[in-house]
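Right, dumping it as structure tokens:
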């Protein structure tokens with residue numbers, strides 16, 4: 001893998017130029033607001049880690065005393081793998097990139113298809129529309145057709161949108177990022193060195209090495225994709241202001257480096273703090289993006305099927321959270337407060353997805369806003385919010401803050417003797433992730449973690465560290481761990497079992513990409529690859545259920561689970577190490593969120 005940090009001198013000049021650009025394998029789904037009570041396989045979540053070196057002796061003694069008083073948790077994952085069928089009807093196990101025995105298999109040659117290189121201008125067309133439809137930028141179409149004025153086209157005119165190909169010659173160059181030998185894929189990596197000064201611990205490990213391990217299997221053992229190999233490259237960006245450049249601009253620079261300098265056909269972003277780069281990648285540079293971020297619906301609506309969200313959308317996460325909170329009677333006759341920040345440009349999603357729906361349900365939530373001032377540590381306005389809480393303490397709190405900002409806000413609530421409210425969270429800002437809950441303890445110690453104890457979380461089932469420690473895996477997860485261990489020199493999950501979650505997440509995302517490249521055919525255009533990616537149908541993924549991607553469903557999860565943060569957390573008395581920073585445990589089985 002080629003690694004690159006952001007090239008500031010080169011790319012700052014490209015920001016203005018880029019921003020000036022004008023504009024058969026599907027499964028049936030229903031709209032995301034059709035929720036049923038159909039339950040799926042039950043399981044639970046938790047983590048186990050040792051006491052941090054920063055934990056004082058008094059803290060340790062106090063936590064151990066509390067743990068001694070807790071009842072032991074039963075084994076949560078009895079017969080876990082029996083809940084998964086190797087013959088799931090929606091998954092074609094004969095597909096070379098959907099097997100469960102190995103990560104992929106070799107396959108016979110696939111018949112070449114003729115890919116049209118030109119399109120005819122029709123009434124209402126513009127070069128910008130034609131470019132977008134074929135995942136090209138306007139500038140690319142202008143240069144390809146030697147057109148000086150984009151407004152001078154006529155009905156019936158032939159516009160070139162691809163390379164002229166010849167049948168029988170095998171893989172040929174078909175467009176930006178697709179050569180006769182390779183397809184360019186970029187992984188966005190976020191440098192977290194600055195976050196460590198804020199006590200944020202990222203136990204995902206070296207994600208670049210994990211990606212490289214799975215790509216190695218695809219390229220060297222399974223023959224690549226119709227004669228091409230994946231050319232995996234990496235762009236590093238920063239979560240905090242760097243070189244006097246704010247996080248929004250840093251995100252744009254990373255986007256341009258990934259899509260113009262390399263250029264990529266697909267960008268992958270599983271980092272938690274990469275900045276708002278989605279619009280630049282998907283809409284401006286016409287490149288597909290696979291991300292684990294919870295993004296606003298608008299990103300998917302305007303993406304023209306170039307965006308895959310390996311989680312919920314923001315509005316979907318809020319809608320499901322409110323539906324289940326209301327169903328469980330958590331809001332009735334209670335005062336409600338919402339605290340939001342502007343760290344990732346999600347302000348409007350909070351208004352439309354949380355504030356307004358609460359009002360439609362005849363609740364009158366107080367809304368408080370913290371400004372991040374171009375970064376991700378958001379504390380501008382915190383005093384005003386705390387003063388409001390002193391005067392009117394909320395019964396229920398929705399703290400939609402990012403994972404870096406939340407612990408300080410909780411610390412200020414404790415310092416000002418704000419009575420502990422019922423806190424409710426969703427997948428938004430990755431508050432359903434144990435990296436986020438782990439940061440609460442690392443930043444504020446046992447006092448803040450205890451204040452957060454009992455927080456209710458409504459989100460999709462995911463890879464729980466407790467299950468990892470108990471070695472309870474689905475057949476797909478077993479395959480991922482086995483294959484990674486077989487080819488990796490580092491075998492990171494053996495060093496720190498918590499890194500297994502990253503191994504499984506990257507395993508599934510790499511298979512999404514592999515399936516799309518295979519299904520797109522021998523000489524695909526960028527558009528053909530992006531269409532294959534957006535119509536994968538049912539996919540194997542970590543957690544308790546299968547997910548899916550279709551043209552009408554760019555978000556993967558098909559189920560939701562009622563969970564709770566517990567501090568301290570104990571698994572069983574025989575465990576070699578206990579989780580002193582808390583864990584996320586289930587309250588009820590996962591439920592299907594779609595009507596069959």
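Numbering (the working numbering), first residue to last: 1 to 596. Note that beta-carbon positions come from the ideal geometry of N, C-alpha and C, so glycine has one too.
Check, Outcome
"Which first and last residues belong to the beta strand (DSSP E) in which residue 398 is found?", "396 to 399"
"Going by the beta-carbon positions, is the gap between residue 353 and residue 314 smaller than 7 Å?", "yes"
"Between residue 135 and residue 526, how many whole angstroms is the CB-CB distance? I'm expecting something under 8 Å.", "4 Å"
"Assign residue 556 to one of two classes, buried (16 or more other C-beta atoms within 10 Å of its C-beta) or exposed (fewer than that).", "buried"
"Three-state secondary structure (DSSP) at residue 251?", "helix"
"Check whether the region 213 to 221 touches the region 470 to 485, counting contact only when three or more Cβ pairs, one atom from each stretch, lie closer than 8 Å.", "yes"
"Please say whether residue 185 and residue 264 have beta carbons closer to each other than 7 Å?", "yes"
"Here's a check: name, in chain order, each residue in its chain whose Cβ is nearer than 8 Å to the Cβ of residue 607, leaving out the five neighbours to either side.", "With the chain running from 1 to 596 in the structure shown, residue 607 is simply not present."
"What do you reckon, are the CB atoms on residue 432 and residue 459 nearer than 7 Å?", "yes"
"How would you label residue 303, buried or exposed, when you count the other beta carbons within 10 angstroms and need 16 or more for buried?", "buried"
"Confirm, please, whether the CB-CB distance from residue 529 to residue 514 is below 7 Å.", "no"
"Could you give the distance in angstroms between the alpha-carbon of residue 510 and the alpha-carbon of residue 308?", "13 Å"
"Pop quiz: residue 366 and residue 337 are said to be a contact at Cβ under 8 Å. What is the actual Cβ separation, rounded to whole angstroms?", "5 Å"
"Can you name the start and end residues of the beta strand (DSSP E) that residue 187 belongs to?", "182 to 190"
"State yes or no: is the C-beta of residue 205 within less than 7 Å of the C-beta of residue 170?", "no"
"Expressed to the nearest angstrom, what Euclidean distance is found between the alpha-carbon atoms of residue 381 and residue 121?", "53 Å"
"Can you give the Cα-Cα distance for residue 99 and residue 333, rounded to whole angstroms?", "51 Å"
"Thinking just about the alpha-carbon of each residue, which of 399, 428, 542, 408 is nearest to the one in residue 421?", "399"
"Extract the residue ranges of the beta strand (DSSP E) inside the region 103 to 160, only unbroken runs of 3 or more that lie entirely within it.", "118 to 120, 158 to 160"
"How about the region 243 to 252 and the region 487 to 499: do they share at least three Cβ pairs that are nearer than 8 Å?", "no"
"Flag residue 128 as yes when its Cβ comes closer than 6 Å to any non-hydrogen atom of the ligand GTP, and as no otherwise.", "For the ligand GTP, the structure offers nothing, since it holds no ligand at all."
"Where are the alpha helix (DSSP H) runs, 4 residues long or more, that stay fully inside the region 300 to 331, in chain order?", "314 to 327"
"Assuming residue 118 and residue 176 are in contact, meaning their beta carbons sit under 8 Å apart, how far apart are those beta carbons, in whole angstroms?", "The pair is not a contact, with the Cβ atoms about 17 Å apart (cut-off 8 Å)."
"Per DSSP, which one or two residues make a beta bridge with residue 288?", "266"
"From residue 225 to residue 232, what distance separates their C-alpha atoms?", "14 Å"
"Is there contact between the region 432 to 445 and the region 389 to 399, where contact requires at least three CB pairs shorter than 8 Å?", "no"
"Using three-state DSSP, classify residue 586 as helix, strand or coil.", "strand"
"Is the number of C-beta pairs between the region 190 to 202 and the region 270 to 281 that are closer than 8 Å three or more?", "yes"
"Could you tell me the distance, in whole angstroms, from the CA atom of residue 493 to the CA atom of residue 213?", "13 Å"
"Starting from the C-beta of residue 90, find all residues in its chain whose C-beta is less than 8 Å away, skip the five residues before and the five after it, and write them out in chain order.", "27, 537, 538, 546, 548"
"Specify, as a first and last residue, the run of the beta strand (DSSP E) that residue 172 falls within.", "Note, residue 172: premise wrong, no beta strand (DSSP E); not H, not E."
"To the nearest angstrom, how far is it from the Cα of residue 312 to the Cα of residue 291?", "11 Å"
"For the beta strand (DSSP E) holding residue 561, just list the boundary residues, first then last.", "559 to 566"
"Between residue 414 and residue 451, what straight-line distance do the alpha-carbon atoms span, to the nearest angstrom?", "8 Å"
"Whole angstroms are fine: how far does the CA of residue 296 sit from the CA of residue 319?", "12 Å"
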